[in-house]
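Residue numbers (numbering that gives the first Met the number 0): 0 to 401.
Accompanying notes for the structure given below.
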Amino acid sequence: MSIELLSPAGSINKLETAVQFGADAVYIGGTMFGLRTASENADFEQLKYGIEYAHNHNKKVYITTNIVARNDDLKRFPNFLKQLEQTKADAVIVTDFGLFSAVRELAPKLEIHVSTQANLLNYESCNAFYKMGAKRVVLARELSFEEIAEIRAKTDKNLELEAFVHGAMCVSFSGRCLLSDYMTARSANRGNCTQPCRFKYTLMEEKRPNEYMPVFEDENGTFILNSKDLCMIEHIDKLAECGITSFKIEGRVKSEFYVATITAAYRRAIDDYLSGKPFNPQLIEEVCSVSHREYCKGFYFGNSIQNQVYASSSYIRECDLIALVEKYEPENNTVLCYHRNRFKVGEELEILEPGGEVTKFILEKMTDKYGNILEEALHPEMELHVQTPKPILPHSIIRRRK
């Protein structure tokens, strides 16, 4: 059995992180046509570098071109597609029929994956896209295990099924929402969602202006459209058995810390499953160490009223990112790293390495780039040399539990 772990890359640095921490493939946006304008994304030269980097590690890269296109987009897309072909990307992710048609006509060798934005909820829709030339479909988040199993049974075996297994969920149907358009004039279907579903709402009666009436769920008010985050790490077996071949992690606007931690956790969970090992409960602690909303199982077990957060739209943060490791310095038993959050000598820290190994240690010594001994690191992006209890791999993450 083959299972692909597909991780998000909002930038080239995050692409490298995903590759180092165990992703089989990454998805990233170019400067246009993707649905995450809030992420850094990448220009064509950066894409060329990132794709070459991934291919050198035997990984794949998929480019997001999954906006709902307007007429002006169709005029710009052919030139974008021509340049994209030169990057040797492994596939494009497409929602719009017009863009799909353009890829088939102008870049017939480029693999097409149909985005979850296409609302793929049944086997006939999946079969239709396969007949049109799609290699893969990204299933709607609203599907249950049973529905996915039926789709697998009634579609061509060569059609790959991809599904989200972790990350933020959208309260609208497969992400096709107009709230952001109406409230902020920024289109969710063109990558500019401001997430008004996370806003805190009250009621106001028409004849009593400025008299706001909260709709109480509890003393904190109500977040009536506020979905939980998806987490299926405990159910790798069920995901595989229903026919999903690519397990997708959401999060192109998330940090390198998030990408590293979640990718490493799912890598270990998948490898354990494939080798016949039982699920390791410690992986729950790992996925909870990054910023997240309360977790749920989405719709995999059927419709659930437990998928909403009613008390708050804020994140749960159990760990702080302290520094990103550049390299190990064996002559001094230190790592060269770049500081992200304040920390000091004497604190208990953790190092998460590519491969998922976690090392806990008490920080005994660190210096700045001039060799000055520091008791505390105060300035973001400061170059530091931190003493570690053992050799540490490049790209490792130093973190601190709260």
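Using N, Cα and C, we set each Cβ at its ideal position, and we do this for glycine too.
query	result
Buried or exposed: where does Met131 fall if 16 or more other Cβ atoms within 10 Å of its Cβ makes it buried?	exposed
For the putative contact between Pro379 and Arg316, defined by C-beta atoms under 8 Å, what is the C-beta separation to the nearest angstrom?	Rounded, the Cβ-Cβ distance is 17 Å, inconsistent with contact.
How would you label Ala403, buried or exposed, when you count the other beta carbons within 10 angstroms and need 16 or more for buried?	With the chain covering 0 to 401 only, the question about residue 403 has no answer from this structure.
Please name the residue in Lys58, Asn12, Gly9 whose C-alpha comes closest to that of Gly21.	Lys58
Among Ser254, Ala268, Leu323, Glu240, which one has its Cα closest to the Cα of Cys230?	Ala268
Taking the DSSP output, what are the residues bridged to Val113?	Val93, Val136
Between Ile2, Ala17, Glu3, Ser245, which lies nearest to Lys253 when the distance is taken from Cα to Cα?	Ala17
Would you list the one or two residues that DSSP bridges to Asp319?	Arg399
Would you check if the stretch 231-239 and the stretch 264-284 touch, i.e. whether three or more CB-CB distances between them fall below 8 Å?	yes
DSSP three-state call for Tyr122: helix, strand or coil?	helix
CA-CA distance, Val67 and Asp95?	5 Å
Hey, is the stretch 103-121 in contact with the stretch 60-78, meaning 3+ C-beta pairs nearer than 8 Å?	yes
Check whether the Cβ atoms of Pro390 and Tyr327 lie closer than 7 Å to each other.	yes
Quick one: any contact between the stretch 287-299 and the stretch 46-61, if contact means 3 or more CB pairs under 8 Å?	no
So, using beta-carbon positions, are Lys237 and Phe144 closer together than 7 Å?	yes
Determine the burial state of Asn40: buried for a count of at least 16 other Cβ atoms within 10 Å of its Cβ, exposed for fewer.	buried
Ordered along the chain, which non-local residues of its own chain (more than five positions away) have a Cβ less than 7 Å from that of Lys359?	Glu347, Glu349
Grab the span of the beta strand (DSSP E) containing Phe161 for me, first residue to last.	With the sequence shown as reference, residue 161 is identified as Glu, and Phe is not the correct amino acid for it. Its beta strand (DSSP E) spans residues 159-167.
Buried or exposed, going by whether 16 or more other CB atoms sit within 10 Å of the CB of Gln404?	Because residue 404 is not part of the residues shown, which for the chain are 0 to 401, the question remains open.
Just to confirm, is the Cβ distance from Phe128 to Val137 under 7 Å?	no
Determine the direct distance from the alpha carbon of Ala322 to that of Thr366, and round the result to whole angstroms.	14 Å
Would DSSP call Leu14 helix, strand or coil?	helix
Would you kindly work out how many angstroms separate the C-alpha atoms of Ser1 and Thr244, rounded to a whole number?	7 Å
Identify whether Thr366 lies in helix, strand or coil by the three-state DSSP scheme.	strand
Tell me the rounded alpha-carbon separation between Tyr257 and Cys169.	19 Å
Looking at the unbroken alpha helix (DSSP H) that takes in Ala24, where does it start and where does it end?	Element bounds for Ala24: not the alpha helix (DSSP H) but the beta strand (DSSP E), 24-28.
Hey, how far is the Cα of Gly242 from the Cα of Ala106?	29 Å
Out of Lys74, Ser124, Lys227, which has the shortest C-alpha to C-alpha gap to Ile150?	Ser124
By the 10 Å Cβ neighbour count, where 16 or more other Cβ atoms means buried, how is Tyr265 classified, buried or exposed?	buried
Tell me whether Arg251 is buried or exposed, calling it buried when 16 or more other Cβ atoms sit within 10 Å of its Cβ.	buried
Classify Val258 as helix, strand or coil using the three-state DSSP reduction.	helix
Measure the alpha-carbon distance for Ile100 versus Phe32 and round it to whole angstroms.	Looking at the sequence shown, residue 100 is not Ile but Ser. Each residue's Cα considered, the two are about 15 Å apart.
Residue range of the beta strand (DSSP E) that Leu382 falls in?	Per the sequence shown, the amino acid found at residue 382 is Glu instead of Leu. From DSSP, the beta strand (DSSP E) with Glu382 extends over 382-386.
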